[in-house]
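A.B. asks:
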Ligand SMILES: C[S@@+](CC[C@H](N)C(=O)[O-])C[C@H]1O[C@@H](n2cnc3c(N)ncnc32)[C@H](O)[C@@H]1O
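Numbering (the numbering used here), first residue to last: 7 to 211.
1. Going by alpha carbons, who is nearest to residue 60 out of 77, 30, 66?
2. Whole angstroms are fine: how far does the CA of residue 51 sit from the CA of residue 71?
3. Nearest-angstrom Cα distance between residue 114 and residue 76?
4. List the endpoints of the continuous beta strand (DSSP E) containing residue 144.
5. Would you say residue 100 touches ligand 1, meaning its beta carbon is less than 6 Å from a heavy atom?
6. Under a Cβ-count criterion, where at least 16 other Cβ atoms within 10 Å of its own Cβ denotes burial, should residue 127 be classed as buried or exposed?
7. Helix, strand or coil: how does DSSP classify residue 58 here?
8. Between the alpha carbons of residue 63 and residue 206, how many angstroms are there, rounded?
9. Can you tell me the Cα-Cα spacing of residue 204 and residue 68, whole angstroms?
10. Using the rule of at least 16 other Cβ atoms within 10 Å of the residue's Cβ for burial, across every protein chain shown, is residue 97 buried or exposed?
11. Using 10 angstroms around the beta-carbon of residue 20, count the other beta-carbons present and answer buried if the total reaches 16, otherwise exposed.
12. What is the rounded straight-line gap between the Cα of residue 182 and the Cα of residue 105?
13. To the nearest angstrom, how far is the alpha carbon of residue 162 from that of residue 66?
14. Take every Cβ of the segment 87-97, pair it with every Cβ of the segment 180-197, and state whether three or more of those distances are shorter than 8 Å.
15. Is any non-hydrogen atom of ligand 1 found closer than 6 Å to the C-beta of residue 151, if you look at the structure I gave you?
16. Taking residue 118 as part of the beta strand (DSSP E), name the residues at either end of that continuous run.
17. Am I right that residue 136 and residue 179 are in contact with their C-beta atoms under 8 Å? What's the rounded C-beta distance?
18. What did DSSP end up calling residue 203 once you bin it into helix, strand or coil?
19. What would DSSP say about residue 128, mapped onto helix, strand or coil?
20. Give the straight-line distance between the Cα atoms of residue 54 and residue 158, rounded to the nearest whole angstrom.
21. Does the beta-carbon distance from residue 120 to residue 160 come in below 7 Å?
22. Count the other C-beta atoms from every protein chain shown that fall within 10 angstroms of the C-beta of residue 41, then say buried if there are 16 or more, exposed otherwise.
This is the structure in structure tokens:
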């Protein structure tokens, strides 16, 4: 069976599944699968989702944490609001130097988890897109280091490439355990993958 055909069917499968299950994006299943395997988001957690539009990860996080948890979605674009009081969304730039302080004003307590599926506008030039993605992931890490509670978790999208290793080493310096995750819902051929960092050792206070 041609690989392109299988790939096409898989993408269509997650697209249709998202529609049928009322999720806002097929990306939702990347978080469902990663958290199903590693359980880094738990009931009652406070979670910050950086680069959250249209809100698929917020939807699934809301279900995991329940009404005693809290989830804040942050994006440059408007995220259609959710009716639950424990789900908030804001229009903001995760690269803004003031973003960590701004985020904290919305949270009931320091977050247990920061997740980021943020992606730049791709140029089509491989090296540029890779560098832009690593830059966004580094900014997301910076935010996580400022706001996470000790022992908190961080889950971030990366594009594979030569700048990745240095970023991963930096993350390893701050967390007890770091793993690469490639959910089935992530296109096999794409350079996209996720880094899961468990157990923040320290915070930059
Ligand atoms: C792949 S989408 C996220 C999909 C989301 N996980 C979902 O399930 O609905 C990537 C998002 O990153 C956002 N983004 C890119 N740069 C950003 C920035 N500097 N600050 C905030 N959001 C950003 C984009 O606007 C886009 O909505």
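Glycine residues also receive a C-beta, built at the ideal position from the N, C-alpha and C atoms.
C.D. replies: Judging by the given coordinates:
1. Here residue 60 refers to the residue found at position 54 when the chain shown is read from its first residue. It is 30 whose Cα lies nearest to the Cα of residue 60.
2. Looking up residue 71 in the chain shown gives position 65. Looking up residue 51 in the chain shown gives position 45. If you take the alpha carbons of residue 71 and residue 51, they lie about 5 Å apart.
3. To locate residue 114, count along the chain shown from 1; it is residue 108. To locate residue 76, count along the chain shown from 1; it is residue 70. Their Cα atoms are separated by approximately 8 Å.
4. Stepping through the chain shown from its first residue, residue 144 is reached at position 138. Here residue 144 belongs to no beta strand (DSSP E); instead the alpha helix (DSSP H) covers 132-153.
5. Within the chain shown, residue 100 is the residue found at index 94, counting from 1. Residue 100 Cβ: within cutoff of ligand 1.
6. Mapped onto the chain shown, residue 127 falls at position 121. Looking at its Cβ environment, which holds fewer than 16 other Cβ atoms inside 10 Å, residue 127 is exposed.
7. Residue numbering aside, residue 58 sits at position 52 when the chain shown is read from its first letter. Here residue 58 sits in coil by DSSP.
8. Within the chain shown, numbered from 1, the residue matching residue 63 stands at position 57. Within the chain shown, numbered from 1, the residue matching residue 206 stands at position 200. When rounded, the distance between both Cα atoms is 22 Å.
9. Here the question's residue 204 lines up with position 198 in the chain shown. Here the question's residue 68 lines up with position 62 in the chain shown. Taking C-alpha positions only, residue 204 is separated from residue 68 by approximately 20 Å.
10. For the purposes of this step, residue 97 is identified with residue 91 of the chain shown, where counting begins at 1. Exposed, because fewer than 16 other Cβ atoms sit within 10 Å of the Cβ of residue 97.
11. Translated into the one-based positions of the chain shown, residue 20 becomes position 14. Residue 20 comes out buried.
12. Sequence index remark: in the chain shown, residue 182 carries index 176 (1-based). Sequence index remark: in the chain shown, residue 105 carries index 99 (1-based). Taking the Cα positions, residue 182 is about 25 Å away from residue 105.
13. One-based indexing of the chain shown puts residue 162 at position 156. One-based indexing of the chain shown puts residue 66 at position 60. Taking the straight line from one Cα to the other gives about 16 Å.
14. no
15. On the chain shown, residue 151 is found 145 positions in, with the first residue counted as 1. No; taking the cut-off as 6 Å, the Cβ of residue 151 has no heavy atom of ligand 1 nearer than that.
16. Here residue 118 is taken as the residue at index 112 of the chain shown, counted from 1. It is not in any beta strand (DSSP E) - residue 118 carries neither H nor E in the DSSP assignment.
17. Within the chain shown, numbered from 1, the residue matching residue 136 stands at position 130. Within the chain shown, numbered from 1, the residue matching residue 179 stands at position 173. Actually they are not in contact, since the Cβ atoms of residue 136 and residue 179 sit about 22 Å apart, beyond 8 Å.
18. By one-based count along the chain shown, residue 203 stands at place 197. Strand.
19. To locate residue 128, count along the chain shown from 1; it is residue 122. In the structure shown, residue 128 sits in coil (DSSP, three-state: anything other than H, G, I, E or B).
20. Here residue 54 refers to the residue found at position 48 of the chain shown. Here residue 158 refers to the residue found at position 152 of the chain shown. Take the alpha-carbon of residue 54 and the one of residue 158: they are about 11 Å apart.
21. Translated into positions along the chain shown, residue 120 becomes position 114. Translated into positions along the chain shown, residue 160 becomes position 154. Yes, the Cβ-Cβ distance between residue 120 and residue 160 is below 7 Å.
22. For the purposes of this step, residue 41 is identified with residue 35 of the chain shown, where counting begins at 1. By the neighbour-count rule (16 or more Cβ atoms within 10 Å), residue 41 is buried.
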